[in-house]
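The opening position of the sequence shown corresponds to residue 101 in this note's numbering, with each subsequent residue numbered one higher.
Note that the Cβ used here is the ideal one computed from N, Cα and C, for glycine as well.
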Amino acid sequence: MRLISEKILNFRNIASAEFVPSETVTVICGENGQGKTNLLESIFLLSGAKSFRKVKDREMITKEEEFSVIDALFFAGQREQSFHFTISDKGRRASLNHGSEQKASDFAGTFCCVVFSPDHLELVKGTPSERRRFLDTALCQLSPRYLNDLRNYTRLIQQKNTLLKDARGIAAAFDILDIYDRQLADNAVGISKARRAFVGQLDLVSREAYASISGKWEEMELGYQSTLFDSGDFDPEEAYKRILAARTDDIRAGFSTVGPHRDDLDMKINGDPAKIYASQGQQRTAVLALKLAEAELFRQKLEEEPILLLDDVLSELDGYRQEFLLKRLGRSQAIITCCDPNFVERQTDAKVFRMHRGVLTEE
Ligand SMILES: Nc1ncnc2c1ncn2[C@@H]1O[C@H](COP(=O)(O)OP(=O)(O)O)[C@@H](O)[C@H]1O
Ligand SMILES: [Mg+2]
Numbered sequence: 101m102r103l104i105s106e107k108i109l110n111f112r113n114i115a116s117a118e119f120v121p122s123e124t125v126t127v128i129c130g131e132n133g134q135g136k137t138n139l140l141e142s143i144f145l146l147s148g149a150k151s152f153r154k155v156k157d158r159e160m161i162t163k164e165e166e167f168s169v170i171d172a173l174f175f176a177g178q179r180e181q182s183f184h185f186t187i188s189d190k191g192r193r194a195s196l197n198h199g200s201e202q203k204a205s206d207f208a209g210t211f212c213c214v215v216f217s218p219d220h221l222e223l224v225k226g227t228p229s230e231r232r233r234f235l236d237t238a239l240c241q242l243s244p245r246y247l248n249d250l251r252n253y254t255r256l257i258q259q260k261n262t263l264l265k266d267a268r269g270i271a272a273a274f275d276i277l278d279i280y281d282r283q284l285a286d287n288a289v290g291i292s293k294a295r296r297a298f299v300g301q302l303d304l305v306s307r308e309a310y311a312s313i314s315g316k317w318e319e320m321e322l323g324y325q326s327t328l329f330d331s332g333d334f335d336p337e338e339a340y341k342r343i344l345a346a347r348t349d350d351i352r353a354g355f356s357t358v359g360p361h362r363d364d365l366d367m368k369i370n371g372d373p374a375k376i377y378a379s380q381g382q383q384r385t386a387v388l389a390l391k392l393a394e395a396e397l398f399r400q401k402l403e404e405e406p407i408l409l410l411d412d413v414l415s416e417l418d419g420y421r422q423e424f425l426l427k428r429l430g431r432s433q434a435i436i437t438c439c440d441p442n443f444v445e446r447q448t449d450a451k452v453f454r455m456h457r458g459v460l461t462e463e
């Protein structure tokens, strides 16, 4: 998969830009706050996912403008394709190859990218929600069905939470809670199953990457921690019973206390929980290994190279890890942002752009 060109209009501080990256490595350099991450974000959105920056769609439209437009040409499925992508009051919408306009997320899986940003360095010690988000972002790109399950599930949880807050002591609420819980249990099966399978595959690949970076002295191990399923059976009845058993807790808490929205990606280094014990260096190695594994699984599943968006992370890694990462990029197209001119100088094969106050120019 490869981005051929992108035309941007009214996206954050980029009033207008035309970007033609290299087939291999492209570096976007510039001072802080100039629009480098904005450019990567505009590319990432073509995946159909929400922004990796946890923002509302509206915030991405240039201030005082009504809409943003991104026109992209890309190579995927062995042919050239195009996206006309807009952000407006109607949310993120897209049309593929001049077809009808639809919700951008309907096209999940068409254009795939792996993004690696400094926020990910918090993944190991951060909250479970960040680790779930990591899994969901990857799985939503790989499977439209997963995205659909997750969306249904999230909507049900919101409805159930509203009821839990309003319904304390109202007997009729129990009947409705029962209906929600049955539906939640059914939806939880697909999500948990997909996540556990994905974590199993990630484990194999990231273990190897971790050992290579750390010089085989250390071992990383991943597992999926489910609040509903102990075994690999994924029985909706088992899930329903668990949810039901948590009812008293749910009512007391005023929200749903068990389910995939409370699950976690369990990370261990040399047998100890990484969340508690991992050093700075180990965290960096772990996240790097995870991201490389994510890219590798995209390769295997899509039979295409995902596009790699590396946002300012190289400066966060030491020379050895930088080199490891760059070597592993393989045949993927990589778009790298950075502030460090020394780094740019070393990238002799790369196409280099400068971003200054939202204006992109080729160097
Ligand atoms: N909706 C928006 N409209 C106009 N400017 C925006 C909008 N959102 C963010 N910006 C501007 O974008 C700049 C930050 O861009 P960013 O890509 O994060 O910088 P960096 O080059 O450090 O990665 C800031 O100057 C910010 O004010
Ligand atoms: Mg940035």
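In angstroms with no decimal places, state the Cα-to-Cα distance between Ala176 and Gly300.
If you number the sequence shown from 1, residue 176 lands on position 76. If you number the sequence shown from 1, residue 300 lands on position 200. About 27 Å.
Compute the distance between the beta-carbons of Leu242 and Lys451, then report whether it is under 8 Å.
Counted from its first residue, the sequence shown places residue 242 at position 142. Counted from its first residue, the sequence shown places residue 451 at position 351. At least 8 Å separates the beta-carbon of Leu242 from that of Lys451.
Collapsed DSSP secondary structure at Lys225 in the structure displayed
Counting from 1 along the sequence shown, the entry for residue 225 is found at position 125. Three-state result, Lys225: coil.
So, do the stretch 183-200 and the stretch 271-280 have three or more beta carbon pairs nearer to each other than 8 Å?
no
Under the three-state DSSP convention, the category Arg428 falls into
Taking the first residue of the sequence shown as 1, we reach residue 428 at position 328. Residue state, collapsed to three classes: helix.
Can you tell me whether Tyr377 is buried or exposed, with buried defined as 16 or more other CB within 10 angstroms of its CB?
Your numbering for residue 377 matches position 277 in the sequence shown. Burial state of Tyr377 is exposed, judged by a 10 Å Cβ sphere holding fewer than 16 other Cβ atoms.
Go through the residues and name those whose CB comes closer than 5 Å to any heavy atom of ligand 1, in chain order.
Arg112, Asn113, Asn132, Gly133, Gln134, Gly135, Lys136, Thr137, Asn138, Thr162 and Lys163
Roughly how many whole angstroms lie between the Cα atoms of Leu390 and Val224?
Sequence index remark: in the sequence shown, residue 390 carries index 290 (1-based). Sequence index remark: in the sequence shown, residue 224 carries index 124 (1-based). Counting only the Cα atoms, Val224 lies some 10 Å from Leu390.
Grouping DSSP H, G and I as helix and E and B as strand, with all else coil, what is Glu230?
In the sequence shown, the residue the question calls residue 230 occupies position 130. If DSSP states are grouped into helix, strand and coil, Glu230 belongs with the helices.
Quick one: measure Cβ to Cβ for Leu388 and Leu425, integer angstroms, because I've assumed they're closer than 8 Å.
The residue given as residue 388 occupies position 288 in the sequence shown. The residue given as residue 425 occupies position 325 in the sequence shown. In this structure Leu388 touches Leu425 by the C-beta definition: roughly 6 Å separates them, less than 8 Å.
Buried versus exposed call for His456 [16 or more other C-beta atoms within 10 Å across all chains shown]
The residue labelled residue 456 in the question sits at position 356 within the sequence shown. Burial call: exposed.
Please tell me whether Ala393 and Gln382 are closer than 8 Å, where the distance is taken between their beta carbons.
Sequence index remark: in the sequence shown, residue 393 carries index 293 (1-based). Sequence index remark: in the sequence shown, residue 382 carries index 282 (1-based). No, the pair does not count as a contact, with Cβ atoms beyond the cut-off.
Look at the alpha carbon of Glu318 and the alpha carbon of Glu308, and state the distance between them as a whole number of angstroms.
Here residue 318 is taken as the residue at index 218 of the sequence shown, counted from 1. Here residue 308 is taken as the residue at index 208 of the sequence shown, counted from 1. Those two C-alpha atoms are separated by around 10 Å.
How long is the line joining the alpha carbons of Glu131 and Pro441, rounded to whole angstroms?
Numbered from 1 along the sequence shown, position 31 holds the residue referred to as residue 131. Numbered from 1 along the sequence shown, position 341 holds the residue referred to as residue 441. Cα atoms of Glu131 and Pro441: separation of roughly 10 Å, rounded to the nearest angstrom.
Closer than 7 Å: is that where the CB of Thr437 sits relative to any heavy atom of ligand 2?
For the purposes of this step, residue 437 is identified with residue 337 of the sequence shown, where counting begins at 1. Checking every heavy atom of ligand 2 against the Cβ of Thr437, one is found closer than 7 Å.
Please look up how many angstroms separate the CB atoms of Ile407 and Arg102, rounded, as I've assumed it's under 8 Å.
To locate residue 407, count along the sequence shown from 1; it is residue 307. To locate residue 102, count along the sequence shown from 1; it is residue 2. About 7 Å; that satisfies the 8 Å criterion.
Ile161 and Gly135 look like a contact to me (Cβ under 8 Å); what is the Cβ gap, rounded to whole Å?
Residue numbering aside, residue 161 sits at position 61 when the sequence shown is read from its first letter. Residue numbering aside, residue 135 sits at position 35 when the sequence shown is read from its first letter. So it is not a contact: roughly 14 Å between Cβ atoms.
Give a single yes or no on whether Asp412 has its beta carbon closer than 7 Å to a heavy atom of ligand 2.
On the sequence shown, position 312 is the one that residue 412 refers to. Within the cutoff, so yes.
Return helix, strand or coil for His198, following the three-state DSSP convention.
Reading the sequence shown from its first residue, position 98 is the one you call residue 198. Three-state DSSP puts His198 in coil, outside helix and strand.
CB-CB length for Ser292 against Phe329, believed under 8 Å
Residue numbering aside, residue 292 sits at position 192 when the sequence shown is read from its first letter. Residue numbering aside, residue 329 sits at position 229 when the sequence shown is read from its first letter. Contact flag correct, Cβ pair sits at about 6 Å.
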